[in-house]
Amino acid sequence: MFYHLLYPLSDVYSVFNVFRYITFRSIYALLTALLLSIVFGPRFICWLRKIKFGQYIQEEVSCHEKKQGTPTMGGLLIAFSVLTSVLLWGDLTNKYIWLSIFVFVGFGLVGFVDDYLKVVKKNNKGLSARGKFLGQVIVSVGVVTLLLTLPGYDTKLLVPFFKNFQPDLGLFYMPFAVLVMVGASNGVNLTDGLDGLAIGHTIVCAACFALFIYVSGHIHLARYLQIAYIPGVGEVTVFCAALVGAGLGFLWFNAHPADVFMGDVGSLSLGGSLGFMAVLCKQELVLVIVGGLFVIETLSVILQVGYFKLTNGKRIFKMAPIHHHFELKGIPESKIIVRFWILSILLALIALSTLKLR
Ligand code: 57M
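So for the sequence shown, numbering that gives the first Met the number 0 puts the first residue at 0; every next one is plus one.
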């Protein structure tokens, strides 16, 4: 909105020229989303408590018993902050901004239905796994189909460290891109089991993709770094920055001991958006590196379940996802979280190095 209202004034007052710049608007999108979530956070949490949107805690990890009744669905606060900030600072004629909003809201709705069934309808299982998967696939297929009609997009896969090796996935690109988005969404959801764990890693990933997306939309930088140049995509940096800001604001309240959890409405929308950011700048494989923690958490569940079935009831980990394993080994929750954040930053640095290495 500010872009449309204030940038035209630059003809009269040159100071308004600054609204043209993606970098300027991204910084303020981050600050706006951060401020909105911090200002509205306490009232929102009170409201969640009042309407009794509290988390039911399973009994397997005893140290989580004290978290019984912590308000959940804090993802609604993230959604409010991100959407308001993007509508204020984004160029609303840019189609990639709307596609990003579509994915964020689409995945968020799937999560919202799940939370609503669990928290309000007291249906412990929430939305069935099949229902959740179907919702995620429908949103992903819709958006990838649209993307493939836009300039700059093809079915080639860019491989980090090997810039001249770009296999064409052809018909397999669609299932691949859908896997990236649905996988990221479920990866964030599985990771969201300790205070600040999922949101911390999401913030780092979103910041990393803000950079990748900015470079992809900048003709000189993209050519210099030999990555796909996609005209117009740079505007989505504003969206990524809003994710970072809203994430930091949410972390303010979700930091251990958490006042609120994000719920599926938060984890699915954030994960789906990260997956979409990777597809958007054609850095799908980089997501495996930068989102490495989500991958490790998911793999730990796959290994645990597979091994359990193969051996008739033996386990590799004390409990999966792997953060529960460390908890059951007696490591304090805050220590596990901070160590995972350190890993997350290291992974982001490795991912960023792919921009220079070939
Ligand atoms: C959601 N939900 C958290 C909160 C959050 C197949 C199996 C691996 C599935 C998995 C599962 O259900 N995962 C998806 C995980 C839950 O948090 C809520 O859910 C939202 C995210 N979807 O926003 O609303 C609990 O996590 C804790 N929490 C925090 N701080 C936070 O900031 O402490 C969450 C956010 C909250 C709170 O205690 O109640 C969750 O973990 O349930 N299942 C599991 O993860 C279970 N693992 C398991 O059964 N492992 C088995 C097999 C199946 C692999 C095994 O190892 O043998 C664990 N879930 C729980 N306790 N609650 C087991 C231990």
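By construction, the Cβ of each residue, glycine as well, lies at the ideal position given by its N, Cα and C atoms.
Less than 8 Å separates the beta-carbon of residue 235 from that of residue 212. Around the Cβ of residue 24, a 10 Å sphere holds 16 or more other Cβ atoms; the residue is buried. Taking 8 Å as the cut-off, the beta carbon of residue 343 is found no closer than this to the beta carbon of residue 106. DSSP, reduced to helix, strand and coil, places residue 293 within a helical segment of the structure shown. Shown here, residue 70 sits in a strand according to DSSP, grouped into three states. Under DSSP, residue 158 forms a beta bridge with 161.
The beta-bridge partner set that DSSP reports for residue 182 is empty.
Note on residue 296: 16 or more other CB atoms within 10 angstroms of its CB, so buried under the neighbour-count rule.
For residue 30, the enclosing alpha helix (DSSP H) begins and ends at 21-49.
Here residue 53 carries a strand assignment [DSSP, helix/strand/coil]. Residue burial annotation: residue 320 is buried, with at least 16 other C-beta atoms found within 10 angstroms of its C-beta.
Ranked by Cα distance from residue 157, the options 193, 80, 121, 167 are led by 167. For residue 167, the secondary structure class from DSSP, reduced to helix, strand or coil, is strand.
Excluding residues up to 5 positions away in sequence, 314, 315, 316, 319 lie with their Cβ nearer than 7 Å to the Cβ of residue 303 in the same chain. Shortest gap from the CB of residue 71 to any heavy atom of the ligand 57M: under 7 Å.
Using a 10 angstroms sphere on the CB of residue 353, the tally of other CB atoms reaches 16 or more, which defines it as buried.
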